[in-house]
Amino acid sequence: MLAAVLLPIALLACRNQSNSKDDDEDERPPAGVASVSAAPVNVPLAQSAITWNFDAATTGSPPTGFSFGRTGSGRPGRWVVRAVPDAPSRPSVLAQEDNDGTDYRFPIAVEDSVSFKDLSLSVHCKPVEGRVDRACGIVWRYHDENNYYLARANALENNVTFYYVDNGRRSEVKGWNGRVSAGVWHELRADMHGDHVEIYFDGAKVIDAHDSRFLTPGRVGVWTKADSYTLFDDLTAAPLGS
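Residue numbering for the sequence shown is 258 to 499, as defined by the numbering used here.
Structure representation (structure tokens):
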């Protein structure tokens with residue numbers, strides 16, 4: 258009798274333990290998730306390097322010239338400009354402050370005025386807090402909130418990963434395991450030419466991969482996951498020649 262009672266409890270405990278780990282790959286969107294509206298992708302190709310440092314933006318408000326999307330479910334992100342003393346280019350940064358812990362929830366902020374195909378894209382990012390996740394990312398060849406490339410660094414898992422998001426499903430292409438500290442500024446960079454991508458973290462190349470999922474130009478921006486409270490500064494994109 259005791260064994261009959263204990264067996265279901267043990268099975269439930271094992272199930273809960275296995276579900277608590279976020280392996281951060283090949284994640285599928287929840288059924289019935291609605292698309293978040295975003296600005297049109299028919300924007301001109303950039304002809305030179307551009308940096309968005311948010312220093313001229315109004316503190317406490319979203320930055321002008323950006324659209325905000327969300328892959329998955331849960332609340333939309335809360336993207337506001339904040340003045341912080343340790344900003345890489347003072348005084349202001351872009352912060353994602355909404356702490357909705359929905360696991361399959363990826364708030365995105367993308368710049369509206371230009372698009373890039375082959376590019377070098379970088380950002381300074383600081384993953385500050387988060388119980389479910391503590392991540393910062395960059396997106397490129399972005400067509401809408403359900404279709405884009407993504408490189409992200411995760412301070413809870415200590416890794417950097419290159420993904421594609423296709424029709425709302427995020428799939429890992431290649432990853433790297435190494436120290437990603439929370440509460441400090443990092444530099445995350447992606448260089449992509451054709452189907453060849455190189456990902457750099459704090460100046461070191463950590464991923465070299467190929468993927469041909471998206472070969473047409475798209476917008477660029479920044480990304481977080483779940484309840485990540487993350488700061489961004491100096492988003493920089495430069496077209497790469499042939």
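Ideal Cβ positions, reconstructed from N, Cα and C, are used throughout, including at glycine. Given the structure is predicted, the values throughout are model-derived calculations rather than measurements.
Does the Cβ of proline 342 have 16 or more other Cβ atoms within 10 Å, making it buried, or fewer, making it exposed? Against the sequence shown, residue 342 aligns to sequence position 85. Proline 342 should be labelled exposed.
Out of Ser318, Thr315, Pro333 and Ser349, point me to the one whose CA is closest to aspartate 490's CA. Sequence index remark: in the sequence shown, residue 490 carries index 233 (1-based). It is Ser349 whose Cα lies nearest to the Cα of aspartate 490.
Near asparagine 403, which residues of its chain fall below 7 angstroms by C-beta distance, leaving aside the five closest residues on each side in sequence? Looking up residue 403 in the sequence shown gives position 146. So the qualifying residues of the chain are Ser292, Thr328, Val422, Asn424 and Gly425.
Bridge partners for glycine 432 per DSSP, in chain order? Locating residue 432 in the sequence shown gives position 175, counting from the first residue. Listed as beta-bridge partners of glycine 432 by DSSP are Thr418.
Name the DSSP bridge partner or partners of lysine 383? Indexing the sequence shown from 1 puts residue 383 at position 126. In DSSP, lysine 383 forms a bridge with Leu488.
In whole angstroms, what separates the C-alpha of glutamate 368 from that of glutamate 444? By one-based count along the sequence shown, residue 368 stands at place 111. By one-based count along the sequence shown, residue 444 stands at place 187. Glutamate 368 and glutamate 444 have their C-alpha atoms roughly 19 angstroms apart.
With 16 other Cβ atoms within 10 Å as the buried cut-off, status of serine 469: If you number the sequence shown from 1, residue 469 lands on position 212. Classification of serine 469: exposed, given that the 10 Å Cβ count is below 16.
Considering just the uninterrupted stretch of the beta strand (DSSP E) at asparagine 411, what are its terminal residues? Position 154 of the sequence shown holds residue 411. Run containing asparagine 411: 404 to 411, per the beta strand (DSSP E) assignment.
CA-to-CA distance, glutamate 414 to serine 346, given in whole angstroms: In the sequence shown, residue 346 corresponds to position 89, counting from 1. In the sequence shown, residue 414 corresponds to position 157, counting from 1. About 28 angstroms.
When the Cα atoms are used, what is the spatial distance from serine 428 to tyrosine 420? If you number the sequence shown from 1, residue 428 lands on position 171. If you number the sequence shown from 1, residue 420 lands on position 163. Cα to Cα, serine 428 sits roughly 5 angstroms from tyrosine 420.
Using 8 angstroms as the threshold, is the C-beta distance between threonine 493 and proline 384 below it? If you number the sequence shown from 1, residue 493 lands on position 236. If you number the sequence shown from 1, residue 384 lands on position 127. Not closer than 8 angstroms, so no.
List in chain order: all unbroken beta strand (DSSP E) runs of 3+ residues lying wholly within the segment 317 to 388. 323 to 329, 336 to 340, 349 to 353, 362 to 368 and 376 to 386
Less than 8 angstroms between CB atoms is the rule here; does glycine 435 satisfy it with respect to chain B? Absent here is chain B; the protein component of the structure consists of one chain.
For proline 287, the three-state DSSP class (helix, strand or coil): In the sequence shown, the residue the question calls residue 287 occupies position 30. Reliability fails at proline 287, whose pLDDT of 47 lies under 50, so the model's placement of it is uncertain and no value is given.
Who are the Cβ neighbours of alanine 412 in its own chain at under 6 angstroms, not counting the five residues just before and after it? The count along the sequence shown starts at 1 and reaches residue 412 at position 155. Cβ neighbours of alanine 412 beyond the five flanking positions: Pro384, Arg391, Val437 and Ala439.
Reduced DSSP category for alanine 493 - H, G, I as helix; E, B as strand; rest coil: Stepping through the sequence shown from its first residue, residue 493 is reached at position 236. Checking the sequence, you will find threonine at residue 493 rather than alanine. The answer is strand: DSSP assigns threonine 493 an E or B state.
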